[in-house]
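Peer 1: Okay, so the sequence shown: first residue is 1 according to the UniProt record's numbering, each after it adds one. Built from N, CA and C at the ideal position, the CB exists for glycine as well. The structure is given below, and queries will be raised subsequently.
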Amino acid sequence: MAGTDAEGIRLQKVLSQAGVASRRVAERMIRDGRIEVDGRIVTEQGTRVDPEVSEIRVDGVRVRFDDTLVHLAINKPRGMHSTMSDDRGRPCVGDLVEHRVRGNKKLFHVGRLDADTEGLLLLTNDGELAHRLMHPSYEIQKTYLATVLGTMPRGVGKKLRDGVELDDGPARVDDFAVVDAVPGKTLVRVTLHEGRKRIVRRMLAEVGYPVQELVRTDLGAVTLGDQRPGSIRVLTSKEIGELYKAVGM
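Dropping the structure here:
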């Protein structure tokens, strides 16, 4: 509950501790009317809040204050399995977070990348968030860069956007673009909200262009950027807020 008495913590301090912005920038955000507390815009610098009770939003995105929650982005290397452990001793994501992330045994991976696919994989101990991000009803978009053999003619993108028939039903992409082409190879960008197993590989194979290399670069509001293979980073408060917003939490 917001107020201007001695109870609670100053709003700009709460925003700073949550990693939203420095206190000075937070003060400017408050002054500009970008902060909501319990459904109302707050512009008074002396406002105090209880972050465990109040619902605080920045530009409409809710700020989360539960310090027991973990939200990580991993650049999964090629050849590594997406599981947290592997009974056959194969390299897996759990090897990356072991001894580096507190309570890693409770982490859920958001979707899977097959062993031959590299790129962005999210890990969290918020089971409900992980479930919603993977559920098809929320249509969370994922973007991939795929290298295929040969020169891709015009019209393939339209075919993929219109939809192709796979052995487990029709599938289509949300967006498709040729990024680069060199003799013998083409790099394409594919965006879709499908979550079926090996869906990008199967769709491109269906139109005659089997994938040689595949990298996931984006999942919802989170992007891989220049994160190196095998590295782990903590999601920013903005990224976390956007993910929760996208799934209605």
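What does Arg233 pair with, by DSSP beta-bridge criteria?
Peer 2: Partner(s): Ala73.
Peer 1: Tell me the start and end of each unbroken beta strand (DSSP E) in the UniProt domain "RNA-binding S4" (9-70) that is at least 3 residues and wholly inside, in chain order.
Peer 2: As far as the UniProt domain "RNA-binding S4" (9-70) is concerned, its whole beta strand (DSSP E) runs of at least 3 residues are 35-37 and 56-58.
Peer 1: Report yes or no: is there a C-beta of chain B within less than 8 angstroms of the C-beta of Leu187?
Peer 2: Of the chains in the structure shown, none is chain B; there is only one protein chain.
Peer 1: Tell me, please, whether the region 145-153 touches the region 183-191 by the rule of three or more beta-carbon pairs shorter than 8 angstroms.
Peer 2: Counting Cβ pairs under 8 angstroms, three or more are found: they touch.
Peer 1: How close, in whole Å, do the beta carbons of residue 261 and Ala146 come, if the pair is a contact with beta carbons under 8 angstroms?
Peer 2: Any question about residue 261 goes unanswered here, given that the chain covers just 1 to 249.
Peer 1: Measuring straight from C-alpha to C-alpha, what distance separates Ile74 and His109?
Peer 2: So the two alpha carbons sit approximately 10 angstroms from each other.
Peer 1: Return the bridge partner residues of Tyr144 from the DSSP annotation.
Peer 2: Note: Tyr144 sits in a beta bridge opposite Val190 and Arg216.
Peer 1: Rounded to whole angstroms, what is the Cα-Cα separation between Gly127 and Pro183?
Peer 2: In a straight line, the C-alpha of Gly127 is about 45 angstroms away from that of Pro183.
Peer 1: What does a CB cutoff of less than 7 angstroms around Ser85 pick up in its chain, not counting 5 residues either side in sequence?
Peer 2: The residues are Cys92 and Gly94.
Peer 1: Give me, in chain order, the residues of the same chain whose beta-carbon lies closer than 6 angstroms to that of Leu192; leave out the 5 immediate sequence neighbours on both sides.
Peer 2: Here the set comprises Val173 and Asp174.
Peer 1: Would you tell me roughly how many angstroms separate the C-alpha atoms of Asp116 and Ser82, rounded to the nearest one?
Peer 2: About 11 angstroms.
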